[in-house]
Amino acid sequence: MEELGFCGIDCEKCPAYLATIGNDEALREKTATEWSKMFQRDIKAEDVLCYGCQEREKPVFGYCSQCQIRICAIGREALTCAECSDYGCEKLTEFFKQIPKEKERMDARHEAFVKRQQ
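Plus 2 on top of the position in the sequence shown (first one is 1) and you've got the numbering used here.
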């Protein structure tokens, strides 16, 4: 089953998600070290805990709980941003500038959504 974030990020390729789902302490440690350097902040192995962006009851990784795209999609009750009537909004456009591959995936998903609505 595909585990996508609201923005199109593939959770199944995210080391925090993989470490959590697989209960992989070595991956948790490695990810904490890499992300501490990447984001220039202290991230501990126990912080690397995420059940995926779509999760409402279990923890998601630190920033994800504050992500404006996620908060918006939950408020709109959208499966992903591609199924939102405001697809292509400013929040999403700015995000896609950083990660264009997700835009390709979400554009295709949005196109399929529009066709289903006709």
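Don't be surprised by glycine CBs; every beta carbon is placed ideally from N, CA and C.
Option nearest residue i by Cα separation, candidates the options
{"i": "Phe-98", "options": "Cys-13, Glu-5 and Cys-9", "result": "Cys-9"}
{"i": "Cys-74", "options": "Cys-86, Gly-54 and Gly-64", "result": "Cys-86"}
{"i": "Cys-55", "options": "Ala-34, Glu-31, Gln-100 and Cys-83", "result": "Cys-83"}
{"i": "Cys-48", "options": "Cys-66, Gln-70, Ser-67 and Asn-25", "result": "It should be pointed out that residue 48 corresponds to Glu in this sequence rather than to Cys. Measuring from the Cα of Glu-48, the nearest candidate turns out to be Asn-25."}
{"i": "Glu-14", "options": "Asp-88, Pro-61, Gly-77 and Tyr-53", "result": "Tyr-53"}
{"i": "Leu-51", "options": "Glu-5, Leu-6, Ala-18 and Cys-91", "result": "Ala-18"}
{"i": "Cys-69", "options": "Lys-60, Glu-79, Leu-94 and Glu-59", "result": "Leu-94"}
{"i": "Glu-92", "options": "Arg-78, Ile-71 and Glu-59", "result": "Ile-71"}
{"i": "Ile-101", "options": "Gly-7, Glu-4 and Ile-11", "result": "Ile-11"}
Alpha helix (DSSP H) segment containing residue i, residue limits
{"i": "Val-116", "result": "102-119"}
{"i": "Ile-11", "result": "Unbroken run through Ile-11: none, as it is neither H nor E."}
{"i": "Glu-59", "result": "Glu-59 -> no alpha helix (DSSP H), and no H or E assigned at all."}
{"i": "Lys-39", "result": "27-41"}
{"i": "Ala-18", "result": "17-23"}
Closer than 9 Å to chain C by CB, residue i
{"i": "Tyr-65", "result": "Chain labels in this structure do not include chain C; a single protein chain is all it has."}
Presumed contact (8 Å Cβ cut-off) between residue i and residue j, rounded CB distance
{"i": "Ala-28", "j": "Ile-45", "result": "That pair is no contact at about 16 Å."}
Handout entry: Inter-stretch contact (C-beta, 8 Å, three-pair minimum) for the region 34-41 and the region 90-106
Key = Contact between the region 34-41 and the region 90-106 is absent, because fewer than three Cβ pairs lie under 8 Å.
Problem - Within the region 62-103, ranges of the beta strand (DSSP E) (whole runs, at least 3 residues) - result: Listed in chain order, the beta strand (DSSP E) elements of length 3 or more contained wholly in the region 62-103 amount to none.
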